[in-house]
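Participant: Okay, so the sequence shown: first residue is 42 according to the numbering used here, each after it adds one.
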Amino acid sequence: MMLKKLNSASNNPQPMSNSHKVAYAWLALVLLFVAMLAKQWMWSAHSPIETNILKLLPINEQNPVVEQAFESLSGNLSNKVVFAITANDDAIYTAAGQLETSLANTGLFKDVVGKVSADQQQLWASYYFKNRFQQLTPQQRERLQRAPQDQVQLVVQSVYNPFSGVTGTELSSDPFLLFRDYLSQLTQNSSAFTIDNGFLSADHQGSKYLLVTATLKDSPYSLSAQKGVPKILAIEHSLSEQFQAKTLHTGVLFYAEFGTQSAKSEISTIGLFSLLGVIVLVIGVFRSAMPLLLAILSISVGLLSALALTTLIFGRIHLFSLVFGASLIGVSIDYAFHYLTERLAAGQEWDSRQGLKHIFIAITMGLATSLIGYLGMLIAPFPGLQQLALFSSIGLIAAYVTVVAWYPILAAKPSVSRTLPGKLLWQKWLTLWSKKPVKYALPILCLLVSLVPLLHLQYNDDIRQLQAMPENLKQQEQFIAQLSGKASSQQMLVVTAANDEALLQRLESLEPTLNRWQGNGTIKGYQDLSQYISSASRQKQSHQLIEHLYHTQAGALSKALSLTDTPHVLQPFAPVSLQDYLGHVVSEPTRFLYVGNIENSVASVVLLNELHHPKQVKAFVSTQADISYLNKAEEISSLFAKYRVKVVELLLAALSVIALILVKRYGFRHTVKILLPSVIACLAGLAAALTISASLNLFNLLALILIIGIGIDYTLFFAEKSRSPSTLLAITLSAMTTLLSFGLLSLSQTHAIHSFGITVLCGIFVAWLLSPLAITQKDQ
Numbered sequence: 042m043m044l045k046k047l048n049s050a051s052n053n054p055q056p057m058s059n060s061h062k063v064a065y066a067w068l069a070l071v072l073l074f075v076a077m078l079a080k081q082w083m084w085s086a087h088s089p090i091e092t093n094i095l096k097l098l099p100i101n102e103q104n105p106v107v108e109q110a111f112e113s114l115s116g117n118l119s120n121k122v123v124f125a126i127t128a129n130d131d132a133i134y135t136a137a138g139q140l141e142t143s144l145a146n147t148g149l150f151k152d153v154v155g156k157v158s159a160d161q162q163q164l165w166a167s168y169y170f171k172n173r174f175q176q177l178t179p180q181q182r183e184r185l186q187r188a189p190q191d192q193v194q195l196v197v198q199s200v201y202n203p204f205s206g207v208t209g210t211e212l213s214s215d216p217f218l219l220f221r222d223y224l225s226q227l228t229q230n231s232s233a234f235t236i237d238n239g240f241l242s243a244d245h246q247g248s249k250y251l252l253v254t255a256t257l258k259d260s261p262y263s264l265s266a267q268k269g270v271p272k273i274l275a276i277e278h279s280l281s282e283q284f285q286a287k288t289l290h291t292g293v294l295f296y297a298e299f300g301t302q303s304a305k306s307e308i309s310t311i312g313l314f315s316l317l318g319v320i321v322l323v324i325g326v327f328r329s330a331m332p333l334l335l336a337i338l339s340i341s342v343g344l345l346s347a348l349a350l351t352t353l354i355f356g357r358i359h360l361f362s363l364v365f366g367a368s369l370i371g372v373s374i375d376y377a378f379h380y381l382t383e384r385l386a387a388g389q390e391w392d393s394r395q396g397l398k399h400i401f402i403a404i405t406m407g408l409a410t411s412l413i414g415y416l417g418m419l420i421a422p423f424p425g426l427q428q429l430a431l432f433s434s435i436g437l438i439a440a441y442v443t444v445v446a447w448y449p450i451l452a453a454k455p456s457v458s459r460t461l462p463g464k465l466l467w468q469k470w471l472t473l474w475s476k477k478p479v480k481y482a483l484p485i486l487c488l489l490v491s492l493v494p495l496l497h498l499q500y501n502d503d504i505r506q507l508q509a510m511p512e513n514l515k516q517q518e519q520f521i522a523q524l525s526g527k528a529s530s531q532q533m534l535v536v537t538a539a540n541d542e543a544l545l546q547r548l549e550s551l552e553p554t555l556n557r558w559q560g561n562g563t564i565k566g567y568q569d570l571s572q573y574i575s576s577a578s579r580q581k582q583s584h585q586l587i588e589h590l591y592h593t594q595a596g597a598l599s600k601a602l603s604l605t606d607t608p609h610v611l612q613p614f615a616p617v618s619l620q621d622y623l624g625h626v627v628s629e630p631t632r633f634l635y636v637g638n639i640e641n642s643v644a645s646v647v648l649l650n651e652l653h654h655p656k657q658v659k660a661f662v663s664t665q666a667d668i669s670y671l672n673k674a675e676e677i678s679s680l681f682a683k684y685r686v687k688v689v690e691l692l693l694a695a696l697s698v699i700a701l702i703l704v705k706r707y708g709f710r711h712t713v714k715i716l717l718p719s720v721i722a723c724l725a726g727l728a729a730a731l732t733i734s735a736s737l738n739l740f741n742l743l744a745l746i747l748i749i750g751i752g753i754d755y756t757l758f759f760a761e762k763s764r765s766p767s768t769l770l771a772i773t774l775s776a777m778t779t780l781l782s783f784g785l786l787s788l789s790q791t792h793a794i795h796s797f798g799i800t801v802l803c804g805i806f807v808a809w810l811l812s813p814l815a816i817t818q819k820d821q
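Below is the structure:
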């Protein structure tokens, strides 16, 4: 249809004029964008949609070791999915077995671990048993150094205790019972679960829970993995009906899937209702199919171009950008409205090229002022802001070029002659603005009302505002953490050393500090590699202590227990390296603690559970060159605070550049009138968000860029076209579509998007309300 229109327009007295060449050139570019989009979205092996919220955030350039440690840790943990199942009596084991089998059959997981086979249990036990002469708990080491004879007394007490479960076989292989205590502490360090009928089991409030874990084949942020969530829920529902079993689950997969579904819902809601709003407004005002088709054309070209080029540049497009992009519908339509209202006002005297000429300077300067704000965000090394800025800028440029290149050809025919809708109302409103009490009192009133909430200004930079966290998922995560005794920790230490042996020794040297923190309530607990594998030097020390124990206390033990043979050490010292341990199946639950080679060194993390006094930890870390403190949520929150300041600086710089451009054309006094409504609108938007949410964040300030860009558009049209009712109609239509788009954003479940929407919603309304302030005195 587009080609047909362009070809039919070639019958114009000036065929293939420059404007036609521009139209065909733009058509060729749009077709190229459509082809790119088809390749990216339909024939690509991987989905171009990014759902990982962390991909929006800047990389920690100050400390690459810490950043790689976080990437390694989050990569290892994010692919894990954990299930806890409970049921009555023996049905629990059947239900857990069926859960394991059903999960494996979904094809979503690399492996599913439920029932641990006897062979695997034997493999774990034999690994530690083989190395029993060089592994001791801290308490055992201290006892053997201080008073080795006390170990004999402990063995005697255990043997004669009917509940200890010591057998003759165990006593012959481990006469001093060192291995059982070591294995007990090892299990306690790993989790609160014990082996029951082959399953990891824990009791909670009189109910038994069995653990089933799984590792995803794909990233939890991939759409292919997230499509499996309904299958998992169906499996859990089936177990509930068949065994009356209750299944709880946790993992990044479920949060990511919830975020994706929320974003998709918001995109479709915002997009659909914005489009419906445009349709109702265009049909109601223009009462013709042609303006509606042209409006939809501008929107479609803007969104398609933005999608194609943003995906090309970034490789993938984030759902967060798509949510904001859906609201672009309400902004990209502005240029179309100004052209179409100009056509409606002209009636039978319409000249499509003259019509474009009348609005060309205003829409061009409006686009320029919007782009100054948007493109300024590209300077910041913040992937989320860069992508959002690029998406919005490309969408606006494409919508603008569509109007300039195609509308004079496609809308060459005059509209049916009729009175401009609401013309009397627009004239009365403009007449009201010519009165000084209104012209001065209304802006001052808006300013004062806005300043009152801003007197109690406070910010909340918490990263968790980026993602909606459903209560049921949080409750399940907390329950499983309580059940296992291991809560997921955001606070950790990153320890580096020259090699693996030095790393283990450094971790061991931290034990007194970590134990002191645990004792004084700074942390509830900690987890590190040295709890599971000792350094070679400590293994040697432990072996020597055990040898000394056997040499000095074997006789006393034989006499106390009436043994026929005197116990002796059965194997020589053979140290186990860290790589040996990591290569064995027993290390699987703790492998994530090892980061590996970074910057010519090796690194590991120490998880700090329930850190209550971070200042104490930070003070200690500041004195250690080889230790870094990592709290990703806190780090990003502080970055948000820093970028808040940068966004304010960017806004001031953008306003300064815009002011310089405007002063050259309009003079200083008129420029102040053009800018003042947008500045007051920014304050009003912040005041509204502060009143509703009690605090502001980075996204409220980002909304100001949009308010300034759109608000200056409104005043520029009055500066160019003065008291034209058609100008006020076009601005009103633009404001209504923008208010609809961002009003829907304000309903988002994600606080960051919600606060962005509230700020723009109120700001744009005030910008529209005060826009006639830009009418100059000579036009009164």
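Positions of the beta carbon are idealized from the N, C-alpha and C atoms, including for glycine. These numbers come from a predicted model, not from an experiment.
Flag this pair as yes or no: are the beta carbons of L471 and P813 separated by less than 8 Å?
Facilitator: yes
Participant: I'd like the list of long-range same chain contacts for V323, defined as Cβ closer than 6 Å, with 5 residues on each side in sequence excluded.
Facilitator: P332, L333 and A336
Participant: Would you mind listing the beta strand (DSSP E) stretches within the segment 270–298 that are 3+ residues and don't spill past its ends, in chain order?
Facilitator: If only complete runs of 3 or more residues are kept, the segment 270–298 shows the beta strand (DSSP E) at 287–291, in order along the chain.
Participant: State the start and end residues of the unbroken beta strand (DSSP E) segment that holds L251.
Facilitator: S248 to L257
Participant: Go ahead and pull the three-state DSSP assignment for K454.
Facilitator: coil
Participant: Which partner residues of G637 appear in the DSSP bridge assignment?
Facilitator: A644
Participant: Smallest Cα separation from E640: which of P105, I702 and V122?
Facilitator: P105
Participant: Using three-state DSSP, classify A539 as helix, strand or coil.
Facilitator: Coil at A539, not helix or strand.
Participant: For D237, name the three-state secondary structure that DSSP assigns.
Facilitator: strand
Participant: Which value, in whole angstroms, describes the spacing of the CA atoms of D152 and S260?
Facilitator: 14 Å
Participant: Ignoring anything shorter than 4 residues or poking outside the segment 119–207, list the alpha helix (DSSP H) runs there in chain order.
Facilitator: 132–146, 159–171, 179–187 and 190–200
Participant: Three-state secondary structure (DSSP) at S242?
Facilitator: strand
Participant: Work out the CA separation of L785 and D820 for me, nearest whole Å.
Facilitator: With a pLDDT of only 47 at D820, under the threshold of 50, the placement of this residue in the model should not be trusted; the figure read from the coordinates follows. Straight-line Cα distance between these residues: approximately 37 Å.
Participant: Going by beta carbon distance, what residues of the same chain come within less than 8 Å of W474, once the five residues before and after it are set aside?
Facilitator: Closer than 8 Å at the Cβ level, and outside the excluded window around W474, lie K480, P813, L814 and I816.
Participant: Give me, in chain order, the residues of the same chain whose beta-carbon lies closer than 6 Å to that of E588; leave out the 5 immediate sequence neighbours on both sides.
Facilitator: V610
Participant: Can you list, in chain order, the residues of its chain with a C-beta nearer than 6 Å to that of F378? Leave out the 5 residues immediately preceding and following it.
Facilitator: The answer, listed in chain order, is A771, L774 and S775.
Participant: Can you grab the Cα-Cα spacing for the pair C487 / P718, in whole Å?
Facilitator: 10 Å
Participant: Can you tell which of L680, F361, I450 and K656 has its C-alpha closest to the C-alpha of T92?
Facilitator: Just measuring C-alpha positions, the residue of L680, F361, I450 and K656 sitting nearest T92 is F361.
Participant: In whole angstroms, what separates the C-alpha of L437 from that of G343?
Facilitator: Going from the Cα of L437 to the Cα of G343 covers about 6 Å.
Participant: Using DSSP with H/G/I as helix, E/B as strand and the rest coil, what is L769?
Facilitator: L769 falls in the helix class under three-state DSSP.
Participant: According to DSSP, simplified to helix, strand and coil, what is H359?
Facilitator: Residue state, collapsed to three classes: strand.
Participant: Would DSSP call G562 helix, strand or coil?
Facilitator: coil
Participant: Going by CA-CA distance only, name the one from Q395, T712, I126 and N513 that's closest to M406.
Facilitator: Nearest of Q395, T712, I126 and N513 to M406, Cα basis: T712.
Participant: Which residue's Cα is closest to the Cα of H592: I90, P216 and S199?
Facilitator: P216
Participant: Suppose contacts are defined by Cβ-Cβ distances below 8 Å. Is Q175 in contact with H795 by that definition?
Facilitator: no
Participant: Can you check DSSP and say which residues form a bridge with L649?
Facilitator: According to DSSP, L649 bridges with Y567.
Participant: When the distance is taken between beta carbons, is L590 closer than 8 Å to L197?
Facilitator: Reading the sequence as shown, one finds Val at residue 197 and not Leu. No, Cβ-Cβ distance for V197 and L590 is not below 8 Å.
Participant: Exposed or buried, what is M42 when buried is set at 16 or more other beta-carbons lying within 10 Å of its beta-carbon?
Facilitator: Low per-residue confidence applies at M42: pLDDT is 49, beneath 50, and the placement is therefore not dependable, though the value from the model is reported in the following sentence. Classification for M42: exposed.
Participant: Using CA coordinates, which residue listed in F401, L363, Q389 and I521 is at the minimum distance from Y380?
Facilitator: F401
Participant: Are the CB atoms of I721 and L802 within a distance shorter than 8 Å?
Facilitator: no
Participant: On a Cα-Cα basis, can you pick out the residue from F124, Q162, L345 and L412 that is closest to A286?
Facilitator: Considering only alpha carbons, the answer is F124.
Participant: Rounded to a whole number of angstroms, what is the C-alpha to C-alpha distance between L788 and A735?
Facilitator: Taking the CA atoms as reference points, L788 sits about 17 Å from A735.
Participant: Look up E761 in the DSSP assignment and give the residues it is bridged to.
Facilitator: Assignment of beta-bridge partners to E761 by DSSP yields no partner.
Participant: If contacts are defined as beta-carbon pairs under 8 Å, then R184 and Q194 qualify, I think. What distance do you get, rounded to the angstrom?
Facilitator: Wrong, their Cβ atoms sit about 10 Å apart, outside the cutoff.
Participant: My understanding is that L716 touches A700, with C-beta atoms under 8 Å, so please give their C-beta distance in whole angstroms.
Facilitator: 6 Å
Participant: Within the continuous beta strand (DSSP E) that includes Y670, where are the two ends?
Facilitator: I668 to N672
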